[in-house]
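Chain order of the listed sequences is A and B. For the first sequence, position 116 (counting from the first letter as 1) is numbered 116 according to the numbering used here, and the numbering increases by one without interruption. For the second sequence, position 64 (counting from the first letter as 1) is numbered 64 according to the numbering used here, and the numbering increases by one without interruption. Idealized CB from N, CA, C, for every residue including glycine. This one's a predicted model, so the numbers in the text were calculated from it and none came from an experiment. What follows is a single structure, written as structure tokens, with notes after it.
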Amino acid sequence: MNKKSSYISIVLITMILGVMLAIQFRTNQYLDQGVTADRAQEMVAELSRLESDNRKFDRDIDDLTYKLEQARKGQTQARDAITDELEKAKMSAGLTSVTGPGIEVVLDNPDSTGIFIRDEYLLKIANELKGAGAEAISVNGQRLIATSEIRLAGSFININLDRTEPPFQILAIGNQEKLKSSLEISGGLVDYFRELGIAVKIQTPSSVTIPGYIKDLQYDYAKSVKG
Amino acid sequence: MWIGVWLAALGLVLGIALGLNLPFTVPQAYAKYMSVAALAAMDSVFGGIRAAMEEHYDNRIFITGFFSNALLAAGLAFFGERLGIDLYLAAVVAFGVRLFQNLAIIRRHLLKK
């Protein structure tokens, strides 16, 4: 009985030893292939460092995205402002069609008399209308801009280098009362023209549409001065 | 006596076969202690074989020696690690020397026959 139990214990204990050796063997094999404890700790530390870096970069991304958005918004605003400015400049230059309350003056040659409408008359009317605060003026569909001429050329009157003939339809946008009274003032242009026998018709439509200048504006000599 | 030795060899083979097939490895941090404990256990087994050859084998001494040596060696290595001293080296040297002594004595017993 004593002997039998000792045999059993021998087998059990050597079995335990065998298991220990085998496990140790396999563990070392695994260690050779894998990483050491120190290395693992290093990698864990590096991982946590990289993760915190990653979080920081995520925050940077958010921040920069926000800034970019702001910049884009600013850019859009700037572009809108520039477009706005450009529109204003075009309008000031007379390149866009405009509409608004205004006055319509039609001058026509009298049939009987030998008198005919001279360029000066048109110039005078335009000048008078400008003096009365007209914001846009056109003669027979030709917009008057800074470089527009009204000039006798043979039997025609050239406006913007375009031949026009009577009847002359002059459109102007502005304060209707002022425009009208500036022409109809007693002793003014209308009286003068009528004395000459020219047919003058003045109307004040609530909406007048004046076309923009359609030709190219060329500046061969003038250069803008910076500053 | 020879039955005991053969049983020991049989147990060892069974244990190794079992250990190689277990889906289990020691965590890396404890591999060092496990190795020292295995060395101590090996020493105990060879010591047992030697005792058997010298005809004064005691089962209780064998069993207690096996476990206490293994635990002591592992514990020594553990405390050495905590204290910053490589105490497991002491266990390795001590049990290594005893292992060789036991093997030498076993060899002599075998040769005497």
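- Pairing Val208 of chain A with Pro101 of chain A gives a Cβ-Cβ distance under 8 Å.
- In the structure shown, the three-state DSSP call for Phe67 of chain B is helix.
- Across the structure, Glu177 of chain A and Ala71 of chain A are spaced so that their CA atoms are roughly 48 Å apart.
- Chain-order list of chain A residues neighbouring Ile16 of chain B: Gly18, Leu21 and Ala22, by C-beta distance under 7 Å.
- Residues of chain A whose Cβ lies closer than 7 Å to the Cβ of Ser35 of chain B are, in chain order, Gln24.
- DSSP places Phe168 of chain A in the uninterrupted beta strand (DSSP E) bounded by Phe168 to Ile173.
- When 8 Å is used as the limit between beta carbons, Val13 of chain B is near these residues of chain A: Gly18, in chain order.
- The C-alpha of Ser92 of chain A lies about 49 Å from the C-alpha of Arg59 of chain A.
- Around the C-beta of Asp80 of chain A, fewer than 16 other C-beta atoms lie within 10 Å, and the residue is accordingly described as exposed.
- With the criterion set as a beta carbon lying under 7 Å from some beta carbon of chain A, the members of the segment 49 to 60 of chain B are Asn59, in sequence order.
- Contact between the segment 63 to 74 of chain B and the segment 14 to 29 of chain B is absent: fewer than 3 CB-CB pairs across the two stretches fall below 8 Å.
- Each residue's CA atom was taken as its position, placing Val44 of chain A and Arg98 of chain B some 41 Å apart.
- One thing to note: Pro205 of chain A has its Cβ no nearer than 8 Å to the Cβ of Leu107 of chain A.
- Here Thr65 of chain A is exposed: its Cβ has fewer than 16 other Cβ atoms, across all protein chains shown, within 10 Å.
- Between Phe46 of chain B and Leu103 of chain B, the C-beta spacing is below 8 Å.
- At a cut-off of 8 Å between C-beta atoms, Leu68 of chain A does not count as an interface residue with respect to chain B.
- At a cut-off of 8 Å, the C-beta of Ala40 of chain A has a neighbouring C-beta in chain B.
- Below the 8 Å Cβ cutoff, chain B contributes Gly11 as neighbours of Leu12 of chain A, in chain order.
- At a cut-off of 8 Å between C-beta atoms, Leu22 of chain B counts as an interface residue with respect to chain A.
- Between the segment 146 to 155 of chain A and the segment 119 to 128 of chain A, the count of C-beta pairs closer than 8 Å reaches three or more; the two stretches touch.
- If you ignore the 5 residues before and after Asp43 of chain B, its C-beta comes within less than 6 Å of the C-beta of Phe95, Arg98 and Leu99, all in its own chain and listed in chain order.
- Rounded to the nearest whole angstrom, the C-alpha separation of Ile16 of chain A and Gln24 of chain A is 12 Å.
- Taking all protein chains in view, the Cβ of Gln218 of chain A is surrounded by fewer than 16 other Cβ atoms within 10 Å, so the residue is classified as exposed.
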